[in-house]
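With this note's numbering, letter number 413 in the sequence shown gets 1505, and the count goes up by one each step, no holes.
In this text, a Cβ means the ideal position worked out from N, Cα and C, and glycines have one as well.
These numbers were taken from a predicted model, which means no experiment stands behind them.
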Amino acid sequence: MDTSNLLTKSDFLLFLEAPRHLWAKKQDLIGKAPSAFDIHNMEQGYQVEALAREYLAEHVLKANESMSIQDTFTDGRFTVKTDALIYKPDTNSYDLYEVKSGTSLKKENLYDITYQFLIIKEKVNIDRVFILHLNGEYIRDEILHIQELFEAEDVTGKVLDILDEVYKLREIALNTAFDSSLEDTAACLNPKGCPCPEICFPELPAYSVFDIPKLSAKKKTELLNQGIIDIHDVPKSFDLNIKQRQIVDVAQSNRILINREAIQKEINKFKFPLYFLDYETYLSAIPLFPGNKPQQQMVFQYSLYKLDSPNGEPCHSDHLAITKKDPSISLIKQLRDDISEMGTVFVWNKSFEMTRNKEMAIIHPEYAGFLEEMNDSTYDLGDIINLGYYIHPEFKGSWSLKNVLPVMVPELSYEEMPINKGDQAMTVWWTIVNGNLSDEESEKLKIALLDYCKLDTWAMVEIWRVFTSLNEMSSKTAMYSN
Ligand code: SF4
């Protein structure tokens, strides 16, 4: 069916995110091909949908009822394709189901299903409306129990509450999609991740107000309304929190901010041997192994540098589990051997590694003591930047390792690496395990994975060296020129 002059459900959801983005999509101005990671996620979505249909057929459908899937309904210029409709002959009515791969009900899910309800109710009699999402509390055992995998939330009342609002919004969305111009539509306030920011911000400076961390939409709009988009133009009087103000000051002065005393206090907490650790994980919507939950992050790889003394040579070890079984089993075993004597364990963004350790402790209780001890010894090296003890104008408001490394250690960079992002590592691992690759192809990808994870940990070693050498520098001031 040609939907080029109709408003689809995806169009409506896109409109809710950013009206201009919908307009640009309808003008064919957005040409971003899906990445391997996007395709992989879509495939996971299809798997969830297939299992959801099984769940509905086996555990919801009553003897005299029937189910239809993927029905298309159109009302005027609004169109939608359903996930599932269950016909109940006793009341001559239908229950509408929308399947989601998330583990809880989200606000946007309600707008999504209300958009559908408005169209479908014009054609058939709808009784109840459900969001069928994955059950975040379900823990798999040897067998996947579909009955426990899903949770159906009856959202009929919530849908009726926002019916009038969605009715009005879809009219505006339709107008935005087909009858508006660039000037009539509002851009999003996150152009940094945009594939084509030139549509909305043709003169986006290299360091803009969008780089100020956690700046609210209200404040971004306030600045844009004053014609301010370059971070260098943010007025001294503009209300920002301490961290945001520090970042703006550093950008405007083009000077590095170093709080030597605070950094030294942190360094004094570290205990040898030092470890520099990084995990790579695979996110699976459907739990694959005993002990796993829906949307489980499974650790399949680590890289580790160990440093016994301040002037010692870092010693490297790593592990990459290529297996169709739970990869974390062999991984923890080796990690415990590699961290035989506990010291400070450096990671970058500790909530990620520490949460994985907690999850692995539940799945493998025999290693719980080791994993808890490791969490007690974990230090987030990124905190020194995140807490504002070391701010460089070239970080551009970010403390991501990918942004910090080329500034602090210019000879190291992710740019030339065949794998240079965590989501890419995830899909490559899945391809090695499940794709039909030749030994040669598989070996090449394994090396790329090992190199990527190794760089994450070597980067931390080098950044640690920069922090520990700061007090040897001659400057006595807290701030010095770049
Ligand atoms: S900046 Fe990019 S993502 Fe945002 S609305 Fe414009 S085109 Fe869409």
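Residue i burial status per 10 Å Cβ neighbour count (16 or more: buried)
| i | result |
| --- | --- |
| ASN1449 | buried |
| LEU1252 | exposed |
| ASN1346 | exposed |
| SER1300 | buried |
| MET1509 | exposed |
| ASN1574 | Note on ASN1574: pLDDT 35, under 50, position unreliable in the model; no value is reported. |
| ALA1067 | Residue 1067 lies beyond the range of the chain shown here (1093 to 1574); nothing can be said about it. |
| ASP1271 | exposed |
| ASN1217 | exposed |
| CYS1286 | buried |
| ALA1570 | In this prediction, ALA1570 scores a pLDDT of 45, lower than 50, which makes its location untrustworthy; no coordinate-derived value is stated. |
| ALA1278 | exposed |
| ALA1298 | exposed |
| ASP1370 | buried |
| GLU1229 | exposed |
| GLY1480 | buried |
Cβ-heavy atom distance, residue i to the ligand SF4, below 8 angstroms
| i | result |
| --- | --- |
| PRO1287 | yes |
| ASN1282 | yes |
| ARG1112 | yes |
| CYS1292 | yes |
| ALA1279 | yes |
| ILE1334 | no |
| ILE1238 | no |
| ILE1321 | no |
| ILE1122 | yes |
| ALA1116 | yes |
Coil, strand or helix - residue i by DSSP
| i | result |
| --- | --- |
| GLU1465 | helix |
| ASP1430 | helix |
| ILE1350 | strand |
| LEU1584 | No answer is possible for residue 1584: it lies beyond the span of the chain, which begins at 1093 and ends at 1574. |
| ILE1355 | helix |
| ASN1227 | coil |
| VAL1326 | coil |
| ALA1309 | helix |
| ILE1161 | strand |
| GLN1393 | strand |
| THR1569 | Low confidence applies here, because THR1569 scores a pLDDT of 40, under 50, leaving its location unreliable; read the following figure in that light. Three-state DSSP puts THR1569 in coil, outside helix and strand. |
| PHE1293 | coil |
| PHE1270 | helix |
| ALA1149 | helix |
| LEU1412 | strand |
| ASN1574 | Caution applies to ASN1574, whose pLDDT of 35 falls short of 50 and renders its modelled position unreliable; the value that the coordinates give is listed next. ASN1574: coil per DSSP, three-state reduction. |
| LYS1213 | coil |
| SER1300 | strand |
| LEU1562 | helix |
| TYR1544 | helix |
The ligand MG heavy atom lying under 8 angstroms from the CB of residue i
| i | result |
| --- | --- |
| ILE1378 | By its list of ligands, the structure shown excludes the ligand MG, since it contains just the ligand SF4. |
Residues bridged to residue i [DSSP beta-bridge criterion]
| i | result |
| --- | --- |
| CYS1407 | LYS1398 |
| ASP1418 | Beta-bridge pairing links ASP1418 to no other residue. |
| ARG1220 | ASP1187 |
| ILE1178 | MET1159, ASP1187 |
| VAL1437 | TYR1367, THR1470 |
| PHE1242 | LEU1226 |
| TYR1506 | Per DSSP, none; premise fails for TYR1506. |
| GLU1372 | GLN1393 |
| LEU1380 | For LEU1380, which the question treats as bridged, DSSP gives no partner whatsoever. |
| VAL1172 | PHE1165 |
| LYS1192 | HIS1225 |
| GLN1388 | SER1376 |
Next on the checklist: Contact between the segment 1117-1127 and the segment 1220-1237 is defined here as three or more beta-carbon pairs at a separation below 8 angstroms; is this criterion met?
Outcome noted: no
Next on the checklist: So, does the segment 1464-1476 touch the segment 1534-1549, judging by three or more C-beta pairs under 8 angstroms?
Outcome noted: no
Checklist entry - Using 8 angstroms as the Cβ pair cut-off and three pairs as the minimum, do the segment 1197-1215 and the segment 1133-1148 touch? => result no
Next on the checklist: With three or more C-beta pairs closer than 8 angstroms as the rule, is the segment 1372-1390 touching the segment 1517-1533?
Outcome noted: yes
Checklist entry - So does the segment 1356-1364 actually touch the segment 1322-1335, counting three or more Cβ pairs closer than 8 angstroms? => result no
Next on the checklist: For the pair the segment 1229-1244 and the segment 1265-1275, tell me if three or more CB-CB distances fall below 8 angstroms.
Outcome noted: no
Checklist entry - So, do the segment 1403-1417 and the segment 1442-1459 have three or more beta carbon pairs nearer to each other than 8 angstroms? => result no
Checklist entry - Is it a yes or a no for the segment 1524-1536 touching the segment 1553-1564, going by three-plus beta-carbon pairs under 8 angstroms? => result no
Next on the checklist: Could you check whether the segment 1177-1193 touches the segment 1278-1297, counting it as contact only if at least three pairs of C-beta atoms, one from each stretch, sit closer than 8 angstroms?
Outcome noted: no
Checklist entry - Given 8 angstroms as the limit, is there contact between the segment 1388-1397 and the segment 1418-1429, that is, 3 or more CB pairs closer than that? => result yes
Item to check | the segment 1476-1496 contacting the segment 1293-1313, beta-carbon criterion three pairs below 8 angstroms | outcome: yes
Checklist entry - Any contact of the segment 1163-1171 with the segment 1138-1145, i.e. 3+ C-beta pairs under 8 angstroms? => result no
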